[in-house]
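Residue numbers (this note's numbering): 182 to 432.
Below is one structure, written out as structure tokens, with a few remarks after it.
Here is the structure:
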């Protein structure tokens, strides 16, 4: 498969390595910061491409998705920080001929973490002595917070834990955290590729569930395999559809 990489930072380079290992060819590297072959993303620069993997900055994403929809080829988007635009993007893809798969995290381990978070929240739903919080760590170059992965984990917890009704991403000023809020803390430090932790805390003990990425390889492999999975499909997909198929042994 001839693949275009959109966003040629650390993830883009790792994706290129995985594509090569899986016998795909990188046709073009497009990066708005000037790190690739070109800054320009257009139908012309994407000519001859069989698939696209994007891990870029959020600004301009609707314009890019409009171009992808017109091309009708498989697209994987790992760009985060644009959740408020997803509805408009889905509308753009309503009549598209090709498939697009969007996700905040393509690591199989991270998706196992999501499931564990939801299951743990269900287990303590009637154990009122446990409070819950989420903490995430990433490298100091990451632009958005909380991470898309943390937001997904929060959704899993909130769907199962009735006493928590919403996520709280900033501490309130000079007042305690509301008891119905799920506190989320973001830390940006050094070169950390990504650590996420759910902590359940009571007066008697505490329980933690965590996922720690050693490097970007798991994210990159998941994105490339997701692109392969899209072949022959149409429409809009969330990454969970691909992961569920993978974990259940399907294709």
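Beta carbons are placed, not taken as given, at the ideal position from N, Cα and C, and that holds for glycine.
The model shown is predicted, which means the values in this text are computed figures rather than measured ones.
query                                                                                                                                                                               : result
Tell me whether the beta-carbon of residue 428 lies closer than 7 Å to the beta-carbon of residue 282.                                                                              : no
I'd like the ranges of any beta strand (DSSP E) spanning at least 3 consecutive residues and lying wholly in the segment 378-411.                                                   : 387-393
Within 10 angstroms of the Cβ of residue 395, are there 16 or more other Cβ atoms? Answer buried if so, exposed if not.                                                             : exposed
Could you pull out every residue in the same chain whose Cβ sits closer than 8 Å to the Cβ of residue 346, ignoring the five residues on either side in sequence?                   : 339, 361, 362
Between the segment 229-242 and the segment 199-215, can you find at least three pairs of beta-carbon atoms closer than 8 Å?                                                        : yes
Would you mind reading off the limits of the alpha helix (DSSP H) that contains residue 420?                                                                                        : 420-428
Starting from residue 270, trace the alpha helix (DSSP H) in both directions and tell me its first and last residue.                                                                : 267-273
For residue 374, which residues of its own chain have a beta-carbon under 6 Å away from its beta-carbon, when the five flanking residues on both sides are left out?                : 394, 396, 397
Spell out a yes or no on whether the segment 254-270 and the segment 318-330 are touching, meaning 3 or more CB-CB pairs, one atom from each, closer than 8 Å.                      : yes
Assuming residue 291 and residue 381 make a contact with CB atoms under 8 Å, what is their CB distance in whole Å?                                                                  : Incorrect: roughly 19 Å between the Cβ atoms, too far for contact.
Which value, in whole angstroms, describes the spacing of the CA atoms of residue 355 and residue 315?                                                                              : 21 Å
Ordered along the chain, which non-local residues of its own chain (more than five positions away) have a Cβ less than 8 Å from that of residue 384?                                : 310
Span of the beta strand (DSSP E) holding residue 433?                                                                                                                               : A question about residue 433 goes unanswered here, because the residues of the chain that appear run from 182 up to 432.
Counting only the same chain and skipping the five closest in sequence on each side, list residues whose C-beta sits under 6 Å from that of residue 230.                            : 183, 185, 208
Confirm, please, whether the CB-CB distance from residue 430 to residue 288 is below 7 Å.                                                                                           : no
Which residue comes first and which comes last in the beta strand (DSSP E) that contains residue 194?                                                                               : From DSSP, residue 194 is part of no beta strand (DSSP E) but of the alpha helix (DSSP H) over 191-202.
Does the beta-carbon of residue 387 have 16 or more other beta-carbons within 10 angstroms, so that it is buried, or is it exposed?                                                 : exposed
So, at 7 Å on beta carbons, what are the nonlocal neighbours of residue 253 in its own chain, with the 5 sequence-adjacent residues on each side left out?                          : 277, 278, 279
Which residues share a DSSP beta bridge with residue 186?                                                                                                                           : 210, 234
Count the other C-beta atoms from every protein chain shown that fall within 10 angstroms of the C-beta of residue 285, then say buried if there are 16 or more, exposed otherwise. : buried
Do residue 299 and residue 341 have their C-beta atoms within less than 7 Å of each other?                                                                                          : yes
Measure from the alpha carbon of residue 259 to the alpha carbon of each residue in 274, 409, 405, then state which is nearest.                                                     : 405
For the beta strand (DSSP E) that contains residue 297, what are its first and last residues?                                                                                       : Element bounds for residue 297: not the beta strand (DSSP E) but the alpha helix (DSSP H), 289-304.
Less than 7 Å separating the beta-carbons of residue 377 and residue 331?                                                                                                           : yes
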